[in-house]
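Residues 230 to 1162 (this note's numbering) are what the sequence shown spells out, left to right. Glycine is no exception: its CB is placed at the ideal position from the N, C-alpha and C atoms. Just so you know, these numbers come straight off a predicted model, no measurement behind them.
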Amino acid sequence: MSNSISTAPHRVQDIFIKGARVHNLKNVDVSIPRNKLVVVTGVSGSGKSSLTIDTLFAEGQRRYAESLSAYARQFLTRMDKPDVDYIHGLCPAIAIEQKVITRTPRSTVGSMTEIYDYLRLLYARTGKTISPVSGRVVKKDDVTDVVNVIRNLPKGDKIHILVPFRQHQNRSVEEELSILLQKGFSRLYEGGVLSIDDILQQMAQGDYWKPAKGKQAYLLIDRLVAKDFEEDDLHRIADSVGTAFYEGEGEIQLLVNEQQWLPFSNRFELDGLVFEEPVPNLFSFNNPFGACPTCEGFSQVLGIDEDLVIPDRRLSVYEGAIAPWKGEKLGWWKEQFIKAAKANGFPIHKAIIDLTKEQYRQLWDGAGAALGIHAFFKEVEQNLYKVQYRVLLARYRGRTICPDCHGYRLRKEALYVKVGGKHIGELCEMPVRDLQTWFSELELSDYDRTVAKRILQEVETRISTLMDVGLGYLTLSRLANSLSGGESQRIQLTRSLGSNLTNSLYILDEPSIGLHARDTSRLIKVLKHLRDLGNTVVVVEHDEMMMREADYIIDMGPLASHLGGEVVAAGNYDQLIANKNSLTGKYLSGKLTIDPPAKPRPWKRSVTVKGARQHNLKDIDVEFPLGIFTVVSGVSGSGKTTLVKQILYPALQKIKGVSSEKVGLHRSVEGDIDFITQIELVDQNPIGKSSRSNPVTYIKAYDEIRDLFASQPLSKMRGFQPKHFSFNVDGGRCDACKGEGEQVVEMQFLADVHLTCEVCGGKRFKEEVLEVTYREKSIYDILEMSVDDAIEFFADEKDVVNKIRALSDVGLGYVKLGQSSDTLSGGEAQRVKLASFLGKGRAQGHILFIFDEPTTGLHFNDIKKLLTSFNALIAQGHTILVIEHNTDVIRCADWLIDLGPEAGDGGGSLVYAGVPAGIVKAKGSVTGKSLGV
230 MSNSISTAPH RVQDIFIKGA RVHNLKNVDV SIPRNKLVVV TGVSGSGKSS LTIDTLFAEG
290 QRRYAESLSA YARQFLTRMD KPDVDYIHGL CPAIAIEQKV ITRTPRSTVG SMTEIYDYLR
350 LLYARTGKTI SPVSGRVVKK DDVTDVVNVI RNLPKGDKIH ILVPFRQHQN RSVEEELSIL
410 LQKGFSRLYE GGVLSIDDIL QQMAQGDYWK PAKGKQAYLL IDRLVAKDFE EDDLHRIADS
470 VGTAFYEGEG EIQLLVNEQQ WLPFSNRFEL DGLVFEEPVP NLFSFNNPFG ACPTCEGFSQ
530 VLGIDEDLVI PDRRLSVYEG AIAPWKGEKL GWWKEQFIKA AKANGFPIHK AIIDLTKEQY
590 RQLWDGAGAA LGIHAFFKEV EQNLYKVQYR VLLARYRGRT ICPDCHGYRL RKEALYVKVG
650 GKHIGELCEM PVRDLQTWFS ELELSDYDRT VAKRILQEVE TRISTLMDVG LGYLTLSRLA
710 NSLSGGESQR IQLTRSLGSN LTNSLYILDE PSIGLHARDT SRLIKVLKHL RDLGNTVVVV
770 EHDEMMMREA DYIIDMGPLA SHLGGEVVAA GNYDQLIANK NSLTGKYLSG KLTIDPPAKP
830 RPWKRSVTVK GARQHNLKDI DVEFPLGIFT VVSGVSGSGK TTLVKQILYP ALQKIKGVSS
890 EKVGLHRSVE GDIDFITQIE LVDQNPIGKS SRSNPVTYIK AYDEIRDLFA SQPLSKMRGF
950 QPKHFSFNVD GGRCDACKGE GEQVVEMQFL ADVHLTCEVC GGKRFKEEVL EVTYREKSIY
1010 DILEMSVDDA IEFFADEKDV VNKIRALSDV GLGYVKLGQS SDTLSGGEAQ RVKLASFLGK
1070 GRAQGHILFI FDEPTTGLHF NDIKKLLTSF NALIAQGHTI LVIEHNTDVI RCADWLIDLG
1130 PEAGDGGGSL VYAGVPAGIV KAKGSVTGKS LGV
């Protein structure tokens, strides 16, 4: 019997899932209409991903893999068969998850979207190679070019087709001439026509022949007179020209009327340089043929790191900004530069951060009598036989832009090839929005336009999709591993759209992550376009706008984990609102709401970032209040993450003496820094990589539980210590399954078989350990309890209750104490981290908590609980700083900092700072418009 609520009647053409039992799904039957935009929603941990990714997509992938031969399957990642009775009507499935799918430093936005592959083809087929010497176009002549010149000569002109006479190594002139005779050639040209037979006869009589001094002898291939050539004549001329190119090793000359010389070459040369012919691989930095030989296509090499040489750009040269120019001996470099700087007009009292590009170049390259930083390191390299200079050089070495390709990753020959006046590297450095404009204005010849028609169509489609999903601020050269999960997902969506697949099943996991409300509507258009191509689009989503626009909604619940796993409601938006059982419907209809505080909290202390100018930030000063709830908002790419995670967080860590990554460009961080005792960045990464990690171990509550069991009389009789109740170390855990509770049987090309451990029966511990009980419950029984049940059970054990109560406070009362961390969603993992801080109480001083999009994966109901947890932390005297797009969270803040007004170059300014209600009146604020709706 199915426990699920009956969904709409199953139609034959729908995708029908029967009896899904993956993770917490309770024998679910559900119908998904084909060729529709379907949203799967529900509280965090209710089984949305289990139904879509772990059941639907896993079965689609497995069916594809099973269609391959047994030999091929052994090389694929072995796929488990999801625990489901059957799925009818399943079409090819593509999952686009919110993960950064690559960590390789070679992968870029251009390569992920496939735009770069089309650009390579565009440059190989229509690119013009420009000589760096003369700026002329390099081209090679072919037979048709020469024939066309001959056809266009005035009638009656006498034409000689000639190639240079060459004497090859180890051959005498006599041998060379004899070979030419054997090939069927009979004449040379040297000021006039000479017979090869006559020359050989003279040489036989001892009269040695060689070309006159300073003159070139030519082999005469053919002679003809210009006229209206017939078809047969043209064939003969083409044959002669082809022979000439072969014999002349790529060079031929037309002599017209024995006066005018017309040279031709089918070699790719000009100005004494030999160029590479454009082919797609010449523009690939992943191919040894195209990659820059110095950096091997990585764009960076080990060299002098500018950030190490000038660690603090807020200082001037006079104040000692150049780190190695210090001390009695090396200080001379600073003194000589300062003395000579006046003559060059170099501002020695100006902070490095404020120098113009030209002044910064002078500092490195030197100017006039002033020796720059490059000259300093050149001298250091000349003295490397001294150990102190080797140590000095090592101190300032790091990853730096490749000096040969200037970060473009390609060999110089590839950068000589241009389309519309730009080489491929310059296109990759342009933001996508500027690239779209460039392509719309690109002028090509009729021939090139015809050749490039399909290429341009593919490029323009992908670029417009990138714009539609709100990524117009990215450049094609941006590294894939520097993208956020939401950006990575939307880039994969661009690639999928570009392939124009039909009759497929697309499963997207929260594509609106990291998107401002303004951009969500554009994303919905993209998803609808995908649907209109004839695809079924299934979206795991909590966004209200997405649900309004969906054709069908499936609401999972009623709650999370073992209290969820059922289909609570299914139907369109209006049906969902009308369903009394749907928690989502109650929030959408307004019966349940997330209410902002009656009035914002006041604040006295703050920390201010001054002169922030990393990436697109435009030298802004931003004040962050302490002791209250602050939200940083703005469209995607406006500079929020740069300001908070690349400047504020690492700068404060550095001031506190905690080793941190590089701090972004800014002047200073000032204010009540001493008031902050600790800075915590709370993200959605898993709480543990091991399948044995779980919430109760993460919040350190398991230590108390193990101590409790170790203190029981039976434990003392048997000599059990707390370690015997751990499944992470040998002792009490089952030796057969190492505390996993299951054993994995590898099946080579079939999916691995997971079997409950025969020895412990899946209980993880040895029998003698399980015999130890507390209030008639074994350690296994305790781990199987939910958090709320455990609070009741351990009512007499204050230490245990105080630790685990925090999990209940953040809305995780349904989670089992021993639940494996890899079954927790991103939102749940983040709340477990929150609970670990809540459980520590007031003793820690004042902590600044920084959250990056904490509503990711959270339902309206979960957001309400999250905000309650934030308020609890503020009540303990801490500060909450959140980067967020969610309008409910923004309304509930005490202080709002809005960046923008647009993304990329159009962003980076402080649009508004104040209480959230005031942003509605802020001019140019996109956030204000979405809040005012």
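| Asked | Found |
| --- | --- |
| Would Ala550 and Ile581 be called neighbours here (beta carbons separated by less than 8 Å)? | yes |
| To the nearest angstrom, report how far apart Met230 and Lys277 are at their CA atoms. | Because Met230 carries a pLDDT of 39, less than 50, the predicted location of this residue cannot be relied on, and no value is offered for it. |
| Look at the Cβ atom of Ile1119, then the Cβ atom of Thr1084, and state whether they are nearer than 8 Å. | no |
| If contact is defined by three or more beta carbon pairs under 8 Å, each pair taking one atom from either stretch, is the segment 782 to 798 in contact with the segment 282 to 294? | no |
| So if DSSP puts His844 in a beta bridge, which residue, or which two residues, is it bridged to? | Answer by DSSP bridge pairing: none, since His844 is not bridged. |
| In whole angstroms, give me the CA-to-CA distance for Leu695 and Lys992. | 50 Å |
| Rounding to the nearest angstrom, what Cα-Cα distance links His935 and Asp959 in this structure? | Per the sequence shown, the amino acid found at residue 935 is Arg instead of His. Roughly 15 Å between the two C-alpha positions. |
| In three-state terms, what does DSSP make of Ala1122? | coil |
| With a threshold of 6 Å on Cβ separation, who are the neighbours of Tyr275 within its own chain once the five nearest residues in sequence on each side are excluded? | In the sequence under discussion, the amino acid at residue 275 is Ser, which differs from the Tyr named in the question. Hits under 6 Å: Met785, Gly786, Ala789, Gly793. |
| Applying the 10 Å Cβ sphere with the 16-neighbour rule, what's the burial state of Lys1032? | buried |
| Is Val836 near Phe1080, with beta carbons less than 8 Å apart? | no |
| Let me check understanding here. Comparing Cα to Cα, which of Lys247, Gly1135, Val530 lies closest to Gly701? | Gly1135 |
| So, using beta-carbon positions, are His1114 and Phe1078 closer together than 8 Å? | no |
| For the pair the segment 830 to 849 and the segment 864 to 871, tell me if three or more CB-CB distances fall below 8 Å. | yes |
| Could you pull out every residue in the same chain whose Cβ sits closer than 6 Å to the Cβ of Cys634, ignoring the five residues on either side in sequence? | Cys521 |
| Between the Cα of Leu453 and those of Tyr781, Leu752, Leu483, Asn516, spot the shortest distance and give me the residue it belongs to. | Leu483 |
| Between which two residues does the beta strand (DSSP E) holding Gln972 run? | 971 to 974 |
| May I ask you to report which of helix, strand or coil DSSP gives Glu1005? | coil |
| Would you call Glu770 buried or exposed, if buried means 16 or more other Cβ atoms sit within 10 Å of its Cβ? | buried |
| Could you tell me whether the segment 999 to 1010 touches the segment 940 to 951, where touching means 3 or more Cβ pairs closer than 8 Å? | yes |
| Is the segment 1009 to 1019 touching the segment 1035 to 1054, taking contact as three or more C-beta pairs under 8 Å? | yes |
| Within its chain, find whatever has a CB closer than 7 Å to the CB of Gly968; leave out the 5 residues flanking it on each side and keep chain order. | Arg921, Phe956, Asn957, Arg962, Arg993 |
| Return the residue from the list His317, Ala1146, Asp386, Leu1036 that minimises the CA-CA distance to Gln488. | Asp386 |
| Between Lys995 and the rest of its own chain, which residues show a CB-CB distance below 8 Å, the 5 nearest in sequence each way excluded? | Gly961, Arg962, Cys963, Asp964, Cys989 |
| For Tyr931, collect the residues of the same chain with a Cβ closer than 7 Å to its Cβ; drop the 5 residues on either side in sequence, then sort them by chain order. | Val925 |
| Can you name, in chain order, every residue of its own chain whose Cβ lies under 8 Å from the Cβ of Pro951, other than the five neighbours on each side? | Asp932, Arg935, Asp936, Phe938, Ala939 |
| Excluding five sequence neighbours on each side, which residues of the same chain lie with their C-beta closer than 7 Å to the C-beta of Arg496? | Lys369, Gly479 |
| Exposed or buried, Gly477, counting other C-beta atoms within 10 Å across all chains shown (16 or more means buried)? | buried |
| Give every residue of the same chain whose Cβ lies closer than 8 Å to the Cβ of Ile359, excluding the five residues on either side of it in the sequence, and list them in chain order. | Arg365, Val366, Val367, Tyr645, Val646, Lys647 |
| For Phe493, which three-state DSSP category applies? | strand |
| Nearest by alpha-carbon distance to Lys1152: which of Pro1130, Gly1143, Pro1145, Val1144 is it? | Pro1130 |
| When you compare only the Cα positions, how much space is there between Val698 and Arg707? | 17 Å |
| Can you give the Cα-Cα distance for Trp561 and Ala598, rounded to whole angstroms? | 14 Å |
| What do you get for Thr666, buried or exposed, if any count of 16 or more other CB atoms within 10 angstroms of its CB means buried? | exposed |
| List in chain order: all unbroken alpha helix (DSSP H) runs of 4+ residues lying wholly within the segment 309 to 391. | 338 to 342, 344 to 355, 372 to 380 |
| Which runs of the alpha helix (DSSP H), 4 residues or longer, sit entirely within the segment 920 to 945? | 924 to 927, 931 to 939 |
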